[in-house]
Amino acid sequence: MTKFIILGCGSSVGVPWITGNWGKCNKKNKFNKRTRCSAFVKKGNLSLLIDTSPDIKNQLLTNKIKDIDYVLYTHEHADQTSGIFELRPFYWKKKKKINIFANKETLKDLKKKHGYCFKGGQGYAPILKGNLVKQNFSVSKKKDIIKIKSFYVKHGEINSTAYVIDKLAYISDANAIFEEDYKKLKNLKYLVIDCLKFNQHPSHFNFDEAITISQKINPKKTILTNLHSDMDYNFIKNSLPKNVLPAFDGMILKI
Ligand SMILES: [Zn+2]
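For the sequence shown, the numbering used here gives the first residue as 1074, with consecutive numbering after it.
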């Protein structure tokens, strides 16, 4: 069994914002407290992290995750990458570099902004090894193997990477899926998809678009993520078709 945990399902500012603004979200509902998007996959002893959000340390502590073997990155934006520095204790624990996987543009950006993680410096050892994602690849630890498919999705002016792991697709930041890639999204148990807000946005799916995409892909269940502060959990849950659910931090999906 493969377990998928949504560590964070908030937009780039999370809910509440750092200023204490809860927007339209009811602060009394714990499902409205959202950290920035990251996810975790566990299969046997193999631990795979997707993105290192600014909240990654608390996300891992809250979910009692003590090992990270590999990290996949969806794209280079700060809300998915700025926690990269927190990976150091996993390097100390393993005593070897952690393999990260990212698309070409993201890898270039990470190496530019966080070069010390890859090259070391000032007496510190490098902690990460950068690898380019392929369309089909796998990560493993002894007998446990996770097979991964990846493809580009449009995310405003850049492309982000969508990942398909077993019968789950993770598309946390996107405003369009290229037509030729829909065939990679057949027979899904879960589609985890960007649904930023009700209004249109140049780099994210909005509420209506996320539902339309869900109906087109037709997975068993669709989980909406990257939810901004105008998306109250109960309000959106009551407005959705039966097989579409808003994510919440700590949501576990069995795939
Ligand atoms: Zn982004």
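Virtual Cβ for every residue (Gly too), placed ideally from N, Cα, C.
Can you tell me the Cα-Cα spacing of residue i and residue j, whole angstroms?
i: K1327; j: Y1263; result: 9 Å
i: N1204; j: Y1197; result: 21 Å
i: D1239; j: T1154; result: 24 Å
i: Y1236; j: N1102; result: 30 Å
i: F1210; j: I1221; result: 5 Å
i: D1305; j: N1105; result: 7 Å
i: I1129; j: H1274; result: 26 Å
i: F1308; j: F1174; result: 36 Å
i: E1230; j: H1150; result: 12 Å
i: V1088; j: F1191; result: 32 Å
i: K1097; j: P1199; result: 43 Å
i: N1232; j: E1252; result: 14 Å
i: D1124; j: F1271; result: 25 Å
i: T1298; j: D1254; result: 20 Å
i: V1317; j: V1212; result: 30 Å
i: N1260; j: K1289; result: 12 Å
i: I1141; j: M1074; result: 18 Å
i: K1207; j: V1086; result: 30 Å
i: G1117; j: D1217; result: 6 Å
i: K1170; j: V1114; result: 19 Å
i: Q1132; j: R1109; result: 9 Å
i: K1184; j: Q1195; result: 16 Å
Would residue i be called buried (16 or more neighbouring beta carbons within 10 Å of its own) or exposed?
i: N1099; result: exposed
i: G1156; result: buried
i: D1267; result: buried
i: N1176; result: buried
i: P1162; result: exposed
i: I1325; result: exposed
i: S1084; result: buried
i: I1079; result: buried
i: D1322; result: buried
i: G1081; result: buried
i: T1092; result: exposed
Can you tell me which of the options puts its alpha carbon nearest to the alpha carbon of residue i?
i: W1165; options: Q1153, D1254, P1089, K1139; result: K1139
i: L1145; options: A1247, Y1243, C1190; result: Y1243
i: I1296; options: I1091, A1112, W1090; result: A1112
i: S1245; options: K1076, F1278, I1091, L1119; result: F1278
i: K1310; options: H1301, F1158, A1320; result: A1320
i: S1223; options: L1201, D1217, K1256; result: K1256
i: E1178; options: W1095, H1148, D1152; result: H1148
i: N1291; options: Y1143, R1161, I1218, K1315; result: K1315
i: H1228; options: K1169, A1249, I1219; result: A1249
i: I1219; options: W1095, Y1143, W1090; result: Y1143
i: G1193; options: K1293, F1158, K1115, G1117; result: F1158
i: H1301; options: G1093, F1077, I1079, R1107; result: R1107
i: L1258; options: Q1195, K1215, K1293; result: K1293
i: G1313; options: D1303, A1283, G1323; result: Here residue 1313 is Leu; the residue named in the question, Gly, does not match the sequence. Of the candidates D1303, A1283, G1323, the one whose C-alpha sits nearest the C-alpha of L1313 is A1283.
i: L1119; options: K1076, W1090, A1247, L1134; result: K1076
i: P1172; options: L1201, K1215, N1136, L1269; result: It should be pointed out that residue 1172 corresponds to Asn in this sequence rather than to Pro. Comparing Cα positions, the closest option is L1201.
i: L1160; options: K1181, P1127, T1135; result: P1127
i: K1214; options: L1180, K1168, L1121; result: L1121
Looking at the strands, I want to know which residues DSSP matches up with residue i.
i: L1160; result: Its beta-bridge partners do not exist; DSSP assigns none.
i: K1062; result: No statement about residue 1062 is possible, as the shown extent of the chain runs from 1074 to 1328 and does not include it.
i: F1280; result: Bridge partners of F1280: none, in fact.
i: P1319; result: L1297
i: L1119; result: K1116
i: T1075; result: K1116
i: A1247; result: None; A1247 has no bridge partner.
i: A1175; result: L1205
i: G1083; result: R1109, L1300
i: L1326; result: F1077
Taking 9 Å as the CB-CB limit, is residue i close to chain B?
i: R1161; result: Included in the structure is just one protein chain, with no chain B present.
Tell me whether residue i, by its Cβ, gets closer than 8 Å to a heavy atom of ligand 2.
i: S1085; result: Questions concerning ligand 2 fall outside what the structure shown contains, since the ligands it does hold are ligand 1.
Every unbroken beta strand (DSSP E) inside the stretch 1192-1245 [3 residues or more] = DSSP runs (the beta strand (DSSP E)) wholly in the stretch 1192-1245: 1201-1205, 1209-1214, 1217-1228, 1231-1238, 1241-1244.
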